[in-house]
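Just below is one structure, and these are the notes that go with it.
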Amino acid sequence: MATQVFKVPDSIIKDMTYGFCPGCDHGVAIRLVAECLDELGLKENAITATSIGCSVCLYDYLDVDSVEAPHGRALAEATGIKRARPDKFVFTYQGDGDFASIGLGESTHAALRGENITAICINNTTYGMTGGQLGPTTLLGQVTTTSPTGRNVEYYGYPIRIAEHIALCEGTAYSARVSLDSVANIRKAKQAIKKAFEYQLKGLGFSFVEILSTCPTNWHMTPQKAHDRVRDDMMKVFVPGVYKDVLQKV
Amino acid sequence: MTLTATKPEGKVLIKGNYAIANAAVIAGCECYFGYPITPQSEIGEFMSGKMQELKRAYVSSESELASINMVIGACSTGAKAMTSSSSCAVSLMQEALSYATAEELPVVLVSVMRGGPGLGNIYPSQGDYNQATIGGGNGDYKLIVLAPGNVQECIDLTYKAFYLAHKYKNPTMVLADGLLGQMMEPVTFGDYPYPEVDDSAWALTGAKGRGRRVIRSYAPSADDQCVFLNKLYAKYALIEEKEVMYDEYMTEDADLIVASFGSMSRNVKSAVKIAREKGLKVGAFRPITISPFPNKRLKELSCSAKKFLVTEINMGQMVRDVRLAVNGKVPVEFYGKGVGSMIDVEDLVDKIESLIEV
Numbered sequence: 001m002a003t004q005v006f007k008v009p010d011s012i013i014k015d016m017t018y019g020f021c022p023g024c025d026h027g028v029a030i031r032l033v034a035e036c037l038d039e040l041g042l043k044e045n046a047i048t049a050t051s052i053g054c055s056v057c058l059y060d061y062l063d064v065d066s067v068e069a070p071h072g073r074a075l076a077e078a079t080g081i082k083r084a085r086p087d088k089f090v091f092t093y094q095g096d097g098d099f100a101s102i103g104l105g106e107s108t109h110a111a112l113r114g115e116n117i118t119a120i121c122i123n124n125t126t127y128g129m130t131g132g133q134l135g136p137t138t139l140l141g142q143v144t145t146t147s148p149t150g151r152n153v154e155y156y157g158y159p160i161r162i163a164e165h166i167a168l169c170e171g172t173a174y175s176a177r178v179s180l181d182s183v184a185n186i187r188k189a190k191q192a193i194k195k196a197f198e199y200q201l202k203g204l205g206f207s208f209v210e211i212l213s214t215c216p217t218n219w220h221m222t223p224q225k226a227h228d229r230v231r232d233d234m235m236k237v238f239v240p241g242v243y244k245d246v247l248q249k250v
Numbered sequence: 001m002t003l004t005a006t007k008p009e010g011k012v013l014i015k016g017n018y019a020i021a022n023a024a025v026i027a028g029c030e031c032y033f034g035y036p037i038t039p040q041s042e043i044g045e046f047m048s049g050k051m052q053e054l055k056r057a058y059v060s061s062e063s064e065l066a067s068i069n070m071v072i073g074a075c076s077t078g079a080k081a082m083t084s085s086s087s088c089a090v091s092l093m094q095e096a097l098s099y100a101t102a103e104e105l106p107v108v109l110v111s112v113m114r115g116g117p118g119l120g121n122i123y124p125s126q127g128d129y130n131q132a133t134i135g136g137g138n139g140d141y142k143l144i145v146l147a148p149g150n151v152q153e154c155i156d157l158t159y160k161a162f163y164l165a166h167k168y169k170n171p172t173m174v175l176a177d178g179l180l181g182q183m184m185e186p187v188t189f190g191d192y193p194y195p196e197v198d199d200s201a202w203a204l205t206g207a208k209g210r211g212r213r214v215i216r217s218y219a220p221s222a223d224d225q226c227v228f229l230n231k232l233y234a235k236y237a238l239i240e241e242k243e244v245m246y247d248e249y250m251t252e253d254a255d256l257i258v259a260s261f262g263s264m265s266r267n268v269k270s271a272v273k274i275a276r277e278k279g280l281k282v283g284a285f286r287p288i289t290i291s292p293f294p295n296k297r298l299k300e301l302s303c304s305a306k307k308f309l310v311t312e313i314n315m316g317q318m319v320r321d322v323r324l325a326v327n328g329k330v331p332v333e334f335y336g337k338g339v340g341s342m343i344d345v346e347d348l349v350d351k352i353e354s355l356i357e358v
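Going down the list, the protein sequences come from chains A and B. Position one of the first sequence corresponds to residue 1 (the numbering used here), numbered consecutively onward. Position one of the second sequence corresponds to residue 1 (the numbering used here), numbered consecutively onward.
Spelled out as structure tokens, the structure:
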């Protein structure tokens, strides 16, 4: 008897053209989000505020109600949605530039207010859609189109550690950083996303998952090399782990 | 604050800012998001207590950027939601207003003008006529803008703003000024006089029993964007046809028509009365909707009047719309004052006399 070993999640749109670059982790991340929505039965009750950058493409893949926010304002819109309709499941899916640069005020204050919403942030250390410029999480020494000799402190200052920053906010119920560089870590990433979603369902406050991701196109790397970079360079600065968990007293 | 009941019986003496806030509550505003700025802070102060008392949504936001985007989020679910602000802070909302028009969301924004440009000062001003009617957001879009001339109209037009915003799915602004916001007048609230608009065809509620809905402005195809813009501008044409409001006083036989909006129109009316007593054939015209602007009526009036005078507490903003409406048929003069109190009635009478004698 045949056993089904692969299934496209119900929360994924079926008749779409896949548009992300080869080796980009957005596809994996969105699939994990979709699987968690499916498993928790949230697809029909979810509303998402999308962001600007490659992450805006979420609404091309995810089969849920969504409203598009200006750059950096997704968590303000999500706050408005949740305050207006507290019974809805509300989440954002943002890049590091959207979440931690132009939107850092909105992100921080949503966490401080303990808004009962979930934010997923893709950290790929660059502005991908605009062609690979320096962003808030660009590593020291990293070459981008706007740091042609590498990020130096004199001109650019330091990258932000997002999961640690959000963990410092008292309204945060859960803050974790995960990576998609290996099958084992992809499994851990899914567990973190699911936990973040469950914390919203339990009404515990702001829940957050930072996902370390690749940008092979702008890093000028093969998909495999890009994942090696996540493991060898990014994970040393942006260390995966759970930085806040109100139920585990972390 | 003197109001204890949400719907006070009969006449009450109340400040414009409180009148706007309480009218929003009576209109069924479910969510208020705001950041303090003088001269409208009483609106947020009132809402902070009243919305919590009524178990409705209230957020003291971290910035005006956040306030207006919280309104967008709430409106995307079909909720009645608003923010209020002033001048330099309304500047911060221009991006979101462009998005909200492209996303066809019923955003309600109250702007209580202060002096500008820049930080300016907190004196009454009408310097944000252009900000309200033209705006600083990107792309082709228009707001519906209602300009009250007294505290009673602050109430009536707040009611109307919620109705029009939802009826046309377009951001709608009530444009008051520091004088109206801080002035007390006797008013009546009554009930919210408009029907509730059904938003079930578009509001985000979760895709249960239907396909998912996406409220977005991003239009990757130029052709699709042209189709959308044509639809948007057909809506604006309909709003202009159906919703233009204005107030006229003794214009029928007037040689000179004095046009003004908002609180400035109060002194204009007094000046016209005095000028009439002196035998001068003068009338007053006041747009209540400044967007859409009463172009058609002004064009008609330019067939009977010999001259227009536009008077504003700014350096000349609405005067351009009057000139466009009149289209060179008769001269349109301007008499303004950058910021501060309204132009004195005596000075207006002198100006009227000088223009009629010429």
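Beta carbons: idealized from backbone N, C-alpha and C, even for Gly.
Per DSSP, what are the beta-bridge partners of residue i in this structure?
{"i": "L109(B)", "result": "T83(B), M173(B)"}
{"i": "G209(B)", "result": "According to DSSP, G209(B) bridges with nothing at all."}
{"i": "M184(B)", "result": "K15(B)"}
{"i": "K167(B)", "result": "Note: K167(B) sits in no beta bridge, so no partner."}
{"i": "T48(A)", "result": "S66(A), F91(A)"}
{"i": "Q133(A)", "result": "Y127(A)"}
{"i": "V59(B)", "result": "F33(B)"}
{"i": "V214(B)", "result": "S66(A)"}
{"i": "E333(B)", "result": "L309(B)"}
{"i": "Q115(B)", "result": "This sequence places Gly at residue 115(B); Gln is not what is there. Answer is N121(B), bridged to G115(B)."}
{"i": "T144(A)", "result": "S147(A)"}
Would you tell me roughly how many angstroms separate the C-alpha atoms of residue i and residue j, rounded to the nearest one?
{"i": "D253(B)", "j": "V90(B)", "result": "40 Å"}
{"i": "E243(B)", "j": "G149(B)", "result": "17 Å"}
{"i": "I102(A)", "j": "S98(B)", "result": "18 Å"}
{"i": "D233(A)", "j": "T126(A)", "result": "14 Å"}
{"i": "G95(A)", "j": "S179(A)", "result": "14 Å"}
{"i": "G114(A)", "j": "G115(B)", "result": "37 Å"}
{"i": "M1(B)", "j": "I288(B)", "result": "The predicted position of M1(B) is uncertain, since its pLDDT is 49 and thus under 50; a value taken from the coordinates is nonetheless stated next. When rounded, the distance between both Cα atoms is 28 Å."}
{"i": "F6(A)", "j": "K235(B)", "result": "47 Å"}
{"i": "S341(B)", "j": "D177(B)", "result": "11 Å"}
{"i": "I72(B)", "j": "L105(B)", "result": "7 Å"}
{"i": "L42(A)", "j": "A173(A)", "result": "20 Å"}
{"i": "L164(B)", "j": "Q200(A)", "result": "35 Å"}
{"i": "G111(A)", "j": "L75(A)", "result": "In the sequence as displayed, the identity of residue 111(A) is Ala instead of Gly. So the alpha carbons of these two residues sit roughly 9 Å apart."}
{"i": "A201(B)", "j": "G78(B)", "result": "10 Å"}
{"i": "M82(B)", "j": "P223(A)", "result": "47 Å"}
{"i": "D25(A)", "j": "E44(A)", "result": "25 Å"}
{"i": "T17(A)", "j": "A219(B)", "result": "16 Å"}
{"i": "A176(A)", "j": "M173(B)", "result": "41 Å"}
{"i": "Q182(B)", "j": "K278(B)", "result": "33 Å"}
{"i": "I383(B)", "j": "V145(B)", "result": "No statement about residue 383(B) is possible, as the shown extent of chain B runs from 1 to 358 and does not include it."}
{"i": "A305(B)", "j": "S125(B)", "result": "28 Å"}
Residue range of the beta strand (DSSP E) that residue i falls in?
{"i": "D247(B)", "result": "246-249"}
{"i": "P287(B)", "result": "282-287"}
{"i": "F189(B)", "result": "Counting along the chain, F189(B) falls outside any beta strand (DSSP E), and DSSP gives it neither H nor E."}
{"i": "E312(B)", "result": "307-312"}
{"i": "G241(A)", "result": "241-245"}
{"i": "R177(A)", "result": "172-179"}
{"i": "V258(B)", "result": "256-259"}
Using a C-beta to C-beta distance shorter than 9 Å, which residues of chain A count as neighbours of residue i?
{"i": "V151(B)", "result": "Those within 9 Å of V151(B) in chain A number zero; the least Cβ separation is about 29 Å."}
{"i": "E104(B)", "result": "Ordered by position in chain A, no residue passes the 9 Å Cβ test against E104(B), which lies about 11 Å from the chain."}
Going along chain B, which residues have a C-beta under 8 Å from residue i?
{"i": "D65(A)", "result": "L204, T205, G206, A207, R212, R213, V214"}
{"i": "R161(A)", "result": "None at all; the shortest Cβ gap to chain B is about 21 Å."}
{"i": "N218(A)", "result": "Near N218(A) there are no residues of chain B at all, since even the closest Cβ is about 21 Å away, more than 8 Å."}
{"i": "P70(A)", "result": "N69, E95, A96, Y99"}
{"i": "E44(A)", "result": "G206, A207, K208, G209"}
Hey, quick one: how far does the alpha helix (DSSP H) through residue i stretch, first residue to last?
{"i": "T101(B)", "result": "94-102"}
{"i": "I166(A)", "result": "162-167"}
{"i": "L301(B)", "result": "295-304"}
{"i": "F228(B)", "result": "222-243"}
{"i": "H26(A)", "result": "26-39"}
{"i": "T79(A)", "result": "74-84"}
List, in order along the chain, the chain A residues whose C-beta lies closer than 7 Å to that of residue i?
{"i": "A74(B)", "result": "G80, I81, R83, A84"}
{"i": "A57(B)", "result": "R83, A84"}
Closer than 6 Å: is that where the CB of residue i sits relative to any heavy atom of the ligand ATP?
{"i": "V145(B)", "result": "Because no ligand of any kind appears in the structure shown, any question about the ligand ATP cannot be addressed here."}
Name, please, each residue of chain A whose Cβ falls closer than 8 Å to the Cβ of residue i.
{"i": "C31(B)", "result": "G80, R83, A84"}
{"i": "A21(B)", "result": "Correct list: empty, because the minimum Cβ distance to chain A is about 18 Å."}
Problem - Segments assigned beta strand (DSSP E), at least 3 residues, entirely inside the segment 194-225 of chain A - result: Entirely contained in the segment 194-225 of chain A, the beta strand (DSSP E) runs reaching 3 residues are, in chain order, 206-212.
Handout entry: Segments of 4+ residues assigned as alpha helix (DSSP H) that fall wholly inside the segment 94-127 of chain A
Key = Restricted to the segment 94-127 of chain A, the alpha helix (DSSP H) segments that are unbroken, complete and at least 4 residues in length are 104-112, listed in chain order.
Practice task
Let me know the alpha helix (DSSP H) ranges lying completely inside the segment 121-146 of chain B, each 4 residues or longer, listed in chain order.
Solution key: The qualifying runs are 129-133.
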